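Quick mapping for you: the protein sequence lines, in order, are chains A and B.
Using my numbering, read the first sequence as starting at 48 and increasing by one per residue.
Using my numbering, read the second sequence as starting at 48 and increasing by one per residue.
Beta carbons: idealized from backbone N, C-alpha and C, even for Gly.
Remember, predicted model here, so these are calculated numbers, not experimental data.
Take a look at the structure below.
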Amino acid sequence: EDQVTQSPEALRLQEGESSSLNCSYTVSGLRGLFWYRQDPGKGPEFLFTLYSAGEEKEKERLKATLTKKESFLHITAPKPEDSATYLCAVINTGTASKLTFGTGTRLQVTL
Amino acid sequence: NAGVTQTPKFRVLKTGQSMTLLCAQDMNHEYMYWYRQDPGMGLRLIHYSVGEGTTAKGEVPDGYNVSRLKKQNFLLGLESAAPSQTSVYFCASSPGRGRPWGETQYFGPGTRLLVL
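Right, here's the structure in full:
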């Protein structure tokens, strides 16, 4: 059974204080790892897809990296508008595009 | 493009009542999904479809039925609502395997359901 564990559950940062969110996964065969952002009362918004260990993707202040056991979402010099819940999910090679989600990291960035 | 839309946005039901949630996508995606999101549980897959006229069970299918009569629409039905089905329901779609970025799922805004 595929499993995704995200840590920490919640993170509070000051504006400009860089940090990383962790996503550990157990899957028999990784087809892809996905990062989403979810604002309160809204649906998840796609950020990145990573397919193989060593791959990195960047978007503005966010950078996602992937190893064989975990993924990190690095947030550089965050701003209050980066406050959201960040979700990690994996797709197994044999599961017809079905995502298995972690429970998310709730990020709050204060002035 | 509107992307993925869901109706209604919010609904209150009494135990035993039935209802249908509608999901529509205008991206010509092959695959569509229904999830529920509960505090501390993450998003869990209820049912999914890999093409018009096809459906399959996900992780938590009991108490729900689905239909995909048209490629752009995916309906989720609750035949006899129970308080345990109080949740936020999200629909998603993806282009499908074999297509560029085929497995990236795009989500709708959600339907909040309260069963009393």
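How far does the beta strand (DSSP E) with residue i in it extend, from its first residue to its last?
i             : result
residue 124/B : 120 to 125
residue 66/B  : 66 to 72
residue 88/A  : Unbroken run through residue 88/A: none, as it is neither H nor E.
residue 116/A : No beta strand (DSSP E) contains residue 116/A, which DSSP labels as neither H nor E.
residue 112/B : 112 to 114
residue 139/B : 134 to 141
residue 106/A : 103 to 106
residue 152/B : Element bounds for residue 152/B: n/a, residue is neither H nor E.
residue 160/B : 158 to 162
residue 156/A : 152 to 157
residue 144/B : Run containing residue 144/B: none; DSSP gives neither H nor E here.
residue 85/B  : 78 to 85
residue 62/B  : No beta strand (DSSP E) contains residue 62/B, which DSSP labels as neither H nor E.
Taking Cβ-Cβ distances shorter than 9 Å, what residues in chain A pair up with residue i?
i             : result
residue 151/B : 79, 81, 93, 96
residue 88/B  : 150
What residues from chain A crowd round residue i, counting only those whose CB sits closer than 7 Å?
i             : result
residue 95/B  : 145
residue 141/B : 144
residue 137/B : 90
If you measure from the beta carbon of residue i to each beta carbon in chain A, is any gap under 7 Å?
i             : result
residue 201/B : For chain B, the structure presents residues 48 to 163; residue 201/B sits outside this window and is missing.
residue 156/B : yes
residue 57/B  : no
residue 69/B  : no
residue 123/B : no
residue 160/B : no
residue 60/B  : no
residue 92/B  : yes
Residue i CB to nearest chain B CB: under 7 Å?
i             : result
residue 89/A  : yes
residue 122/A : no
residue 132/A : no
residue 150/A : yes
What three-state label does DSSP hand residue i in the structure shown?
i             : result
residue 65/A  : coil
residue 130/A : coil
residue 75/A  : coil
residue 54/A  : strand
residue 144/A : coil
residue 131/B : helix
residue 101/B : coil
residue 110/A : strand
residue 83/A  : strand
residue 96/B  : strand
residue 107/B : coil
residue 149/A : coil
residue 54/B  : strand
residue 96/A  : strand
Run down chain B in chain order and give the residues with a C-beta less than 8 Å from the C-beta of residue i.
i            : result
residue 52/A : What residue 52/A touches in chain B: nothing, since even the nearest Cβ is about 10 Å away.
Taking Cβ-Cβ distances shorter than 8 Å, what residues in chain A pair up with residue i?
i            : result
residue 98/B : Per Cβ cutoff of 8 Å: no residues; residue 98/B is ~11 Å from chain A at best.
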